[in-house]
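Notes follow the structure.
There are 4 protein chains.
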Amino acid sequence: MKTSQESMKDIGISLIQKRGVEINDIVEIVYDLQKSYISGLTKATCADAVDRVLGKREVQYAILTGVELDRLAEENKLSEPILSLIKKDNPLYGIDEILALSICNVYGSIGLTNFGYVDKIKPGIIGILDKKGKEEQQCHTFLDDLIGAIAAAAASSVAHNAVL
Amino acid sequence: MKTSQESMKDIGISLIQKRGVEINDIVEIVYDLQKSYISGLTKATCADAVDRVLGKREVQYAILTGVELDRLAEENKLSEPILSLIKKDNPLYGIDEILALSICNVYGSIGLTNFGYVDKIKPGIIGILDKKGKEEQQCHTFLDDLIGAIAAAAASSVAHNAVL
Amino acid sequence: MKTSQESMKDIGISLIQKRGVEINDIVEIVYDLQKSYISGLTKATCADAVDRVLGKREVQYAILTGVELDRLAEENKLSEPILSLIKKDNPLYGIDEILALSICNVYGSIGLTNFGYVDKIKPGIIGILDKKGKEEQQCHTFLDDLIGAIAAAAASSVAHNAVL
Amino acid sequence: MKTSQESMKDIGISLIQKRGVEINDIVEIVYDLQKSYISGLTKATCADAVDRVLGKREVQYAILTGVELDRLAEENKLSEPILSLIKKDNPLYGIDEILALSICNVYGSIGLTNFGYVDKIKPGIIGILDKKGKEEQQCHTFLDDLIGAIAAAAASSVAHNAVL
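Chains as they are written, first to last, in our numbering: chain A, 1 to 164; chain B, 1 to 164; chain C, 1 to 164; chain D, 1 to 164.
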């Protein structure tokens, strides 16, 4: 495969956007997660952190894999019973959380707490994806967890840099 | 070592209690986490789940290790710089979350979300431990995460059993 | 979805067999991993452990997801660039190891060591899958890691029970 | 705590050396792990990778915590039953592997395979530590896993860079 790491990052970003998420939606979540801990935090700092996370290979591969499974589920191109498990976002399925965890860990274990919180509270775009995934002909079983994990990892990166 | 698995469970429970946490405090958190998802959920069901989690070897060893580090930090018996890192519950230390994660995973990845939520919201005894750890001559850097993880794993077990 | 946990186990086993792996192939690996540590170990004990691992929900879901991705790659039904990443078993892809890790953790962290060893040494059926995946029109990018992880988790279960 | 990240790295390296491991011992393991995959690999490249791994905060904290527990076990300053569990390197204890896993994950999931392999084969200094830990008044329960994990993470970093 000739795709370089830089273009793999672009592919990942493009995939997320096609599925309805703007990078700025993620930046907003990062900012809200960290603003009460870091005085003077700017959105530009959060945007840099999101960009760093999206530049990591393991993050790109998790995005590619999860979004592909969401798309195939939407188009009914998976076989049963995994089609139903993913389409209905079965709460015990757990593979979406496993992919997300691999993203969270990119900046150490402190990403975990933010991921769990975001996954439960579903702020901003995550709540929108979750709602759309339930109401329409859309499947965002993996995407909402991926976005939450990217935001959580970026929040960790912001926290790490703040004390350097 | 002759200690059997059953007595290791008793040792773990006894350690938690000596550090100020009653099993019922954990049961309350599990109940609050799951009551809105499972109609007719009883506290007895949650207590059974907490008991199952505490019967797992990896949970017992995580408790033994974390509580020992908290105690040694309290008694200033660790060397620097780890003494300060643990005593001040440095948010980037992360080893407490790593031990907690090993507990969360006992019933699959869905424990992660509950752990992250509980770690952020600090309900019931977890908030009390967190406050005491900051105000008094006490160190609960590991304990609050261990308790949150036990509650999160038990909540996962309740959720798994509810659909069986 | 009406599929009960018992039938999900049967579906998982059936999928593995369709992809060329007999349960006994896994039992052999478990036996070889543990025979030097446990005197008098029988293959029946190893078979029981494999059966316990296959009865776990998170294991079943990892099997379903990984085998589906292998099959879709084989049939060129994935989009690029993930199709090439999976078909060529790119060593940096890593999502196969992440699914495998979720299986290893089912009986605690000691499963990790066995998984890493098996993944490197490729004993028995794992070596056969790896070779077939490279030479023929077959894709076993996920399957070989899944089988290695099931064997590693079963070996952990055997080790845990041996000291109870 | 005023210790900056750079000095925390120095503290980690100094701790490892005091416990009998030279950085070059780790470099040798990395080189042996990767030489058959990357033509023209030099030890200088491996040394750079080890240096990068040791510069990561989560790695430093895992070293500090694990070495402290080894030292306290050696000096009989832990309470029972955790003292015996750590002194005798109980194979089911598992907390040493959990700390190691947090290091392996620093460069993605491909570190896992190398860690498991190294932990089983015990090449170079790891075999020496393991032997000393059993024969003498020394405890290396955590250290051998930490060193294996640092080598595994560095090997992953070498592999990632080789394809960039």
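Even for Gly, the Cβ is constructed at its ideal location relative to N, Cα and C.
Taking the C-beta atoms as reference points, V50 of chain B is found no nearer than 7 Å to I147 of chain B. The residue among D:D89, D:A149 and D:L101 with its C-alpha nearest the C-alpha of K131 of chain D is D:D89. L78 of chain C and I26 of chain B have their C-alpha atoms some 45 Å from each other.
Selection A:D119, A:N105, A:D145 and A:L85 evaluated against K56 of chain A yields A:N105 as nearest (Cα-Cα). The shortest C-alpha to C-alpha distance from L92 of chain C to any of C:N24, C:I13, C:E75 and C:T141 is the one to C:T141. Interface with chain B (7 Å Cβ-Cβ cutoff): N161 of chain C is excluded. Annotated three-state conformation of Y117 of chain C is helix, per DSSP. For the set B:K35, B:S109, B:K43 and B:V67, the Cα lying nearest the Cα of I13 of chain B is the one of B:V67. Residues of chain A with a Cβ closer than 8 Å to the Cβ of N114 of chain B are, in chain order, G116 and K120. One thing to note: E74 of chain B has its Cβ no nearer than 7 Å to the Cβ of D145 of chain B.
Excluding sequence positions up to five before and after K134 of chain D, its CB lies within less than 8 Å of the CB of D89, all in the same chain and listed in chain order.
Neighbours of G108 of chain B in chain C, taken as residues whose beta carbon is under 7 Å from its own, are R57 and E58 in chain order. Look at I147 of chain C: its C-beta is not under 7 Å from any C-beta on chain D. Within the same chain, Cβ atoms closer than 7 Å to the Cβ of L83 of chain C are found at A73 and N76, the five residues on either side in sequence being excluded. For the 7 Å CB-CB criterion, Y117 of chain C and K120 of chain D form a contact. The beta carbon of T65 of chain C falls within 7 Å of a beta carbon belonging to chain A, placing the residue at that interface. For chain B, the residues of the region 73-105 of chain C that bring a beta carbon within less than 9 Å of one of its beta carbons are S102 and N105, in chain order. In the three-state reduction of the DSSP assignment, Q34 of chain C falls in the helix class, which pools H, G and I. Just so you know, the alpha carbons of L101 of chain B and I150 of chain B end up roughly 10 Å apart. L112 of chain A and A152 of chain A have their C-alpha atoms some 7 Å from each other. For S109 of chain C, no alpha helix (DSSP H) segment is defined, and its DSSP state is neither H nor E. Residue state for C46 of chain A is assigned as helix, using DSSP reduced to three classes. Taking all protein chains in view, the Cβ of S157 of chain D is crowded by 16 or more other Cβ atoms within 10 Å, so the residue is classified as buried.
Separation of I23 of chain A and L15 of chain A (C-alpha to C-alpha, rounded to the nearest whole angstrom) is 11 Å. Between the beta-carbon of L54 of chain B and that of K9 of chain B there is about 6 Å, and that keeps the pair under the 8 Å contact cut.
Rounded to whole angstroms, the separation of the alpha carbons of A62 of chain A and A154 of chain A is 15 Å.
Going by beta carbons, G124 of chain B and I29 of chain B fall inside the 7 Å limit. Under the Cβ distance rule, Y61 of chain D counts among the residues neighbouring chain B, one pair being separated by less than 7 Å.
If you ignore the 5 residues before and after L33 of chain A, its C-beta comes within less than 6 Å of the C-beta of N114 and A155, all in its own chain and listed in chain order.
When C-alpha distances from L85 of chain B are compared across D:T42, D:I128, D:E58 and D:I103, the shortest belongs to D:E58. Shown here, Q138 of chain B sits in coil according to DSSP, grouped into three states, outside any helix or strand. Taking a Cβ-Cβ threshold of 7 Å, the residues of chain A close to I11 of chain C are P81, in chain order. About 5 Å separates the beta carbon of D70 of chain B from that of C139 of chain B, a gap short enough to meet the 8 Å contact definition.
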